[in-house]
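Let me begin by presenting the structure, written as structure tokens, before commenting on it.
In the working numbering, the protein residues as written are 12 to 278.
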């Protein structure tokens, strides 16, 4: 059985033998909050950290084309999920740090400081933006990652290995990426459970979708993984005949992968 702390929302697996009575009093190992579920014990049962369910869904937002609302998608999706009482971590994995700046933070610390400068605790780099929303920021030092790590074995797992340490703390982790398919986007894809590809209904953006799809297929074959992806139509101009034609083409070429939500905004 899975239960959730009603204060910090950490989830736990509870052994069946603990559920034989009608009221069960338990203590969360993360926040020490005591709460009650159905059974009959007078003293609280201390939940072990080993019983915590690792449940964060990691979603990478990427497209090889810039200006398709990747950062806006990351922010708005994260905000919407946090409003539904989900714990969300936004990861700025773009050296331009637009996500970091959009949330009002200076570019003073990043994932680079965590890995290269010897920070041992990823939580020391993460900023809390609001009750249910956190940020792993970026800065210009991120530019040094390809220089120091691109030739090392397993460089593509740097982000994944760090997120593993904290994934149990969140319901969702959303990763914003640069418009390229090299070090940063590759790391973000390898860390992901699924991918959202925002695209405008115009030729170059559509070509970017195709390229991301090809890369995902290559990664699935090479690493024997499953990496489902969906396409988000962004900045759509409903008055544009060309946009409507390309939307039709996208629906034909990527049947079943186009999200129902269409974000308007093109002029």
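All C-beta atoms in this analysis are idealised placements derived from N, C-alpha and C, irrespective of residue type, glycine included.
Cutoff 8 Å: residue i Cβ touching any chain D Cβ
i	result
residue 179	You won't find chain D in this structure, because it holds only one protein chain.
Cα-Cα separation, residue i to residue j
i	j	result
residue 95	residue 163	40 Å
residue 188	residue 104	5 Å
residue 45	residue 182	21 Å
residue 22	residue 38	12 Å
residue 274	residue 242	12 Å
residue 156	residue 199	14 Å
residue 245	residue 83	10 Å
residue 122	residue 48	39 Å
residue 51	residue 180	With a pLDDT of 49 at residue 51, under the threshold of 50, the modelled position of that residue is not reliable, and the figure given next carries that caveat. Their backbone Cα atoms lie some 29 Å apart in a straight line.
residue 76	residue 152	23 Å
residue 87	residue 81	10 Å
residue 255	residue 91	28 Å
residue 116	residue 68	25 Å
residue 34	residue 40	19 Å
C-beta atoms of residue i and residue j nearer than 8 Å
i	j	result
residue 240	residue 269	no
residue 185	residue 73	no
residue 101	residue 107	no
residue 192	residue 167	no
residue 119	residue 154	no
Residue i: first and last residue of the uninterrupted beta strand (DSSP E) it sits in
i	result
residue 209	205 to 210
residue 139	138 to 141
residue 37	34 to 38
Among the options, the one whose alpha carbon lies nearest that of residue i
i	options	result
residue 196	25, 70, 40 and 23	70
residue 79	236, 180 and 217	217
residue 15	120, 97, 68 and 177	97
residue 260	227, 117, 237 and 221	221
Local Cβ density within 10 Å of residue i, reported as buried at 16 or more and exposed below that
i	result
residue 225	exposed
residue 263	exposed
residue 142	exposed
residue 161	exposed
residue 148	buried
residue 140	buried
For residue i, the first and last residue of its enclosing alpha helix (DSSP H)
i	result
residue 43	Counting along the chain, residue 43 falls outside any alpha helix (DSSP H), and DSSP gives it neither H nor E.
residue 68	Run containing residue 68: none in the alpha helix (DSSP H); it sits in the beta strand (DSSP E), 68 to 72.
residue 236	That residue, residue 236, is in no alpha helix (DSSP H); it is neither H nor E in DSSP.
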